[in-house]
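Colleague:
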Amino acid sequence: MIARRLILNGAFALAALVTMPPARAANVVAFDQAAFETAKSANKSVLVEVTAPWCPTCKAQKQVLGELFAKPEFANLTVFEVDFDSRKDVLRTLDVRQQSTLIAYKGKQEKARSTGETGPAALAALLAKTR
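Here is the structure:
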């Protein structure tokens, strides 16, 4: 009886771990123009993540990015999320035409831009350009 209970508890714990989204250690915030400019002026590593809740590519990116954000080399990354549907002003300012666009900055300089990329190696390379 006790062994069965332990097995069931272990199975439930494992199921919870498998279904949990990955930890996002990077500082992820909703896009704010003033905070974005402040982060760039402070020479921070910045990623702009343009997403939409209905976008399957964006969901795949979030999964991979979440795993990458948990790595120590990206702990100081500041991530600004831009909602593709409601922030057309930001899209115009950043010259973004499509959801699932990622823009990497180091300080005030744009270092890389990607749209639709979901490969872990490619996304890690993009994030590495912010360092």
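Using our numbering, read the sequence shown as starting at 1283 and increasing by one per residue.
Even glycine gets a Cβ: it sits at the ideal position worked out from N, Cα and C.
1. How many Å lie between residue 1399 and residue 1321 at the Cα?
2. Could you please give the first and the last residue of the uninterrupted alpha helix (DSSP H) stretch that includes residue 1344?
3. Rounding to the nearest angstrom, what Cα-Cα distance links residue 1357 and residue 1308 in this structure?
4. Could you compute how far the alpha carbon of residue 1376 sits from the alpha carbon of residue 1315?
5. Within a Cβ cutoff of 7 Å, which residues of the same chain sit near residue 1412, ignoring the five residues on either side of it in sequence?
6. Are the beta-carbon atoms belonging to residue 1361 and residue 1332 less than 7 Å from one another?
7. What are the boundary residues of the alpha helix (DSSP H) that includes residue 1363?
8. Do residue 1382 and residue 1343 have their CB atoms nearer than 7 Å?
9. In chain order, what residues of the same chain have a beta carbon less than 6 Å from the beta carbon of residue 1325, not counting five sequence neighbours either side?
10. What would DSSP say about residue 1312, mapped onto helix, strand or coil?
11. For residue 1334, which of 1370, 1373, 1355 and 1366 has the nearest alpha-carbon?
Modeller: On the basis of the supplied data:
1. 25 Å
2. 1338-1351
3. 5 Å
4. 11 Å
5. 1327, 1328, 1329, 1359, 1386, 1387, 1388 and 1393
6. no
7. Taken as a continuous stretch (DSSP letters only), residue 1363 belongs to no alpha helix (DSSP H), being part of the beta strand (DSSP E) at 1360-1365.
8. yes
9. 1389
10. strand
11. 1366
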